[in-house]
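Worksheet for the structure shown next.
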Ligand SMILES: [Zn+2]
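In our numbering, the protein residues as written are 26 to 276.
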């Protein structure tokens, strides 16, 4: 999957200065829309939703749905015109973590990502983000740019089930065995509620499914899991175990 802010992103409009064009506009490889990832690790300072496309928008509404992330070096990055936002205010994110899906909300004439870098987080500190598209922000180490989906899943498994899974970012025999041991499924009158369900729902949402992320494995999640399984050539039985996790963990 192509994800913007990787080297495959295509620039459609460059930075022209504060008040002219404050950032750089990007689309995915082959001019496609795709998930948008956090440039660097940080804390979500703003996560604005509820906007549609509006050619007459003014002020912050020009950004439509957007995310602003504060980084430990004092810089902030901003991601605008999102169709969907996957994070909420106050949440910490890893570099490379999917934070939303590209769109055309706010004052925008087509789906793209408008990306900004702000040196001390404020409007008057906006700078040309292009040099940072494939480089770290000053004072943030390369390690901060390395979100690993399997590792994220392993950490979540350990948090929820306390199952002693090695956190090695490898979907190997131990991971697969634990995936089966703790598999998720829905049976009438037995709704599972935990953060592992949330992880699965968020992953399906990031993959484009219209799913509510509510930590509840009920009939509607069961239905969407079955759709996902069918689309990947798996038995559509609604059981999230070894093979379904394998497909969910593909980048
Ligand atoms: Zn722009």
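All C-beta atoms in this analysis are idealised placements derived from N, C-alpha and C, irrespective of residue type, glycine included.
- The C-alpha of residue 220 lies about 6 Å from the C-alpha of residue 240.
- Taken from the Cβ of residue 73, every heavy atom of ligand 1 lies 8 Å or farther away.
- Under the three-state reduction of DSSP output, residue 104 falls in the strand class.
- When the five nearest sequence neighbours on each side are left out, the beta carbons in the same chain lying within less than 8 Å of the beta carbon of residue 125 are those of 60, 61, 90, 92, 104, 107, 108, 109, 110, 111, 112, in order along the chain.
- Residue 112 is bridged by DSSP to nothing; it lacks a bridge partner.
- Residues close to ligand 1 by the beta carbon criterion (under 6 Å to any non-hydrogen atom) are, from first to last along the chain, 38, 46, 48, 50, 139.
- Per the C-alpha coordinates, the member of 63, 88, 138 positioned closest to residue 122 is 63.
- By alpha-carbon distance to residue 115, the top candidate from 135, 94, 131 is 94.
- Going by DSSP, residue 90 is part of the beta strand (DSSP E) stretching over 90-95.
- Exposure of residue 134 is indicated by the presence of fewer than 16 other C-beta atoms within 10 angstroms of its C-beta.
- Looking at the DSSP output, residue 76 shares a beta bridge with no other residue.
- Counting C-beta atoms within 10 angstroms of its own C-beta, residue 97 has fewer than 16 neighbours from the protein chains shown and is therefore classed as exposed.
- Between residue 178 and residue 242, the CB-CB gap reaches or exceeds 9 Å.
- Fewer than three pairs of CB atoms, one per stretch, sit closer than 8 Å, so the segment 180-189 makes no contact with the segment 248-256.
- Within its own chain, the residues whose Cβ lies closer than 7 Å to the Cβ of residue 145, once the five positions on either side in sequence are excluded, are 99, listed in chain order.
- The beta carbon of residue 71 is closer than 6 Å to those of 93 in its chain, skipping five residues each way along the sequence.
- DSSP places residue 62 in the uninterrupted beta strand (DSSP E) bounded by 60-62.
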